[in-house]
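Engineer: Here the sequence shown is numbered in the UniProt record's numbering, starting from 1 and rising by one per residue.
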Amino acid sequence: MGNLFRAAWSSDARLDGKTVVITGANTGIGKETAIDLAKRGARVIIACRDMEKAEVAVKEIKEKSDSSEVVSMKLDLSNSQSIREFAEVINRDEPKLNILINNAGVMVCPYGKTADGFEMQIGVNHLGHFLLTFLLLDLIKRSAPARIVTVSSMAHSWGSINLEDLNSEKSYSKTKAYAQSKLANVLFTRSLAKRLEGSGVTAYSLHPGVVQTDLWRHLSAPEQFFMKVARPFTKNSLQGAQTTIYCAVEPSLDRESGGYYSDCAPASCSSAGKDDNLAEKLWDLSCRMLGVTWE
1 MGNLFRAAWS SDARLDGKTV VITGANTGIG KETAIDLAKR GARVIIACRD MEKAEVAVKE
61 IKEKSDSSEV VSMKLDLSNS QSIREFAEVI NRDEPKLNIL INNAGVMVCP YGKTADGFEM
121 QIGVNHLGHF LLTFLLLDLI KRSAPARIVT VSSMAHSWGS INLEDLNSEK SYSKTKAYAQ
181 SKLANVLFTR SLAKRLEGSG VTAYSLHPGV VQTDLWRHLS APEQFFMKVA RPFTKNSLQG
241 AQTTIYCAVE PSLDRESGGY YSDCAPASCS SAGKDDNLAE KLWDLSCRML GVTWE
């Protein structure tokens, strides 16, 4: 709460002629991010699982941003086949991709598995975005200067990476699995930034704030009650989107990469989030699980 009284960040940076992909942007902070970046003149592609909801969102984003350059495309991050099909279309049809925002996520859901047999939270929040970024990276590099923004959470700070049981098959705690997936986002960004040095592509992870979104639907009754009590200290989706937008457009970040942000400013992540050895082990394991070679 230390940043409650700091002046709100704002920037008149324009994105004319630039293309943005945002995952999970039919609701919440993803949708608010899409509205903002469309207002700045970007061509915005929202990548969503539910195309009916996506079409409704596109209409709203167009109206609020006064932009016609907003389209939706089907992407199910819990299915590597869907991710590959989505990336194939982007690589074929889009001449450039300047900003990729890995925003979609699932939170504290009951135990379930993706189409590829991964635990749902690590599968969607980390592995799905890992594969998506891998498949789009050549296009992103050709579009440099470009940015890759991954929405993590302060929950990463009570997470740990279980390299022996990333899929939580031996034991499952929905909160631990969520925290693990958000720590994976921070570590992925660190490793990615190192690999992208000198390419003109930069990477950032962030905590959007405690935001009132649909992600709360899996919380238990006592947890829901706690969140209602905490409501005055939480952010709405528009406020929650500001750090994502900051990481996507703030000019001073051109010279920064691999960092973690909160409240539109650099923030400190957990010690595990700075562990480069752990980051590399997770990177190698992710490649093996997805069957990709990403040096």
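From the three backbone atoms N, C-alpha and C, an ideal C-beta is built for every residue, glycine too.
In three-state DSSP terms, what is E280?
Structural biologist: For the purposes of this step, residue 280 is taken as the residue at position 280 of the sequence shown. E280 falls in the helix class under three-state DSSP.
Engineer: Would M51 and S65 be called neighbours here (beta carbons separated by less than 8 Å)?
Structural biologist: Here residue 51 is taken as the residue at index 51 of the sequence shown, counted from 1. Here residue 65 is taken as the residue at index 65 of the sequence shown, counted from 1. Judged by beta-carbon spacing, S65 lies beyond the 8 Å limit of M51, meaning their Cβ atoms are not closer than that value.
Engineer: With a CB to CB cut of under 7 Å and the five nearest residues on each side skipped, what residues in its chain are close to A155?
Structural biologist: Mapped onto the sequence shown, residue 155 falls at position 155. Closer than 7 Å at the Cβ level, and outside the excluded window around A155, lie Y178, A179, K182.
Engineer: Looking at the structure shown, is P251 part of a helix, part of a strand, or coil, going by DSSP?
Structural biologist: Stepping through the sequence shown from its first residue, residue 251 is reached at position 251. P251 falls in the helix class under three-state DSSP.
Engineer: Kindly indicate which residue of A57, E55, A25 has the alpha-carbon position closest to the one of L77.
Structural biologist: Taking the first residue of the sequence shown as 1, we reach residue 77 at position 77. The shortest Cα separation from L77 among A57, E55, A25 belongs to A25.
Engineer: G30 to N277, Cα distance in whole Å?
Structural biologist: Within the sequence shown, residue 30 is the residue found at index 30, counting from 1. Within the sequence shown, residue 277 is the residue found at index 277, counting from 1. Whole-angstrom Cα-Cα distance: 31 Å.
Engineer: Report the partner residues of V44 according to the DSSP bridge assignment.
Structural biologist: For the purposes of this step, residue 44 is taken as residue 44 along the sequence shown, with counting starting at 1. According to DSSP, V44 bridges with V20, V70.
Engineer: Have a look at T27, D12, K18, V20 and flag the residue whose alpha-carbon is nearest the alpha-carbon of N236.
Structural biologist: Translated into positions along the sequence shown, residue 236 becomes position 236. Checking every option, the nearest Cα to that of N236 belongs to T27.
Engineer: Buried or exposed, going by whether 16 or more other CB atoms sit within 10 Å of the CB of S143?
Structural biologist: Residue 143 sits at position 143 when you count from the first residue of the sequence shown. The residue in question, S143, is buried, as its Cβ has 16 or more Cβ neighbours within 10 Å.
Engineer: With a CB to CB cut of under 6 Å and the five nearest residues on each side skipped, what residues in its chain are close to K96?
Structural biologist: Position 96 of the sequence shown, counted from the start, is the residue given in the question as residue 96. Within the same chain, K96 has close Cβ partners T19, S143.
Engineer: Could you have a look at I161 and say whether DSSP puts it in helix, strand or coil?
Structural biologist: In the sequence shown, the residue the question calls residue 161 occupies position 161. Of the three classes helix, strand and coil, the one that applies to I161 here is coil, per DSSP.
Engineer: Q242: buried (16+ other C-beta within 10 angstroms of its C-beta) or exposed?
Structural biologist: Here residue 242 refers to the residue found at position 242 of the sequence shown. By the 10 Å Cβ count, Q242 comes out buried.
Engineer: For the alpha helix (DSSP H) that H129 lies in, which residues bound it at each end?
Structural biologist: On the sequence shown, residue 129 is found 129 positions in, with the first residue counted as 1. First-last of the alpha helix (DSSP H) with H129: 129-142.
Engineer: Given L215, which residues of its chain have a CB within under 6 Å of its CB, disregarding the five upstream and five downstream residues?
Structural biologist: Here residue 215 refers to the residue found at position 215 of the sequence shown. Any answer about L215 is weak, because its pLDDT of 48 lies below 50 and its placement is not dependable; what the coordinates show is given next. So the qualifying residues of the chain are M107.
Engineer: Look at the alpha carbon of M289 and the alpha carbon of D165, and state the distance between them as a whole number of angstroms.
Structural biologist: Against the sequence shown, residue 289 aligns to sequence position 289. Against the sequence shown, residue 165 aligns to sequence position 165. If I take the Cα positions, the gap works out to 12 Å.
Engineer: Quick one: using the 10 Å Cβ neighbour count with 16 as the cut-off for buried, is E169 buried or exposed?
Structural biologist: Walking along the sequence shown from the start, residue 169 turns up at place 169. Classification of E169: exposed, given that the 10 Å Cβ count is below 16.
Engineer: Based on Cα-Cα distance, which residue from E280, F134, A104, W294 lies nearest to I161?
Structural biologist: As a first step, residue 161 must be located in the sequence shown, where it is residue number 161. The residue with the shortest Cα to Cα distance from I161 is E280.
Engineer: Tell whether a beta-carbon distance below 8 Å holds between V292 and L131.
Structural biologist: Position 292 of the sequence shown, counting from 1, holds the residue named residue 292. Position 131 of the sequence shown, counting from 1, holds the residue named residue 131. Yes. Within cutoff.
Engineer: Which of the three DSSP states, helix, strand or coil, is assigned to Y246?
Structural biologist: Position 246 of the sequence shown, counted from the start, is the residue given in the question as residue 246. Residue state, collapsed to three classes: helix.
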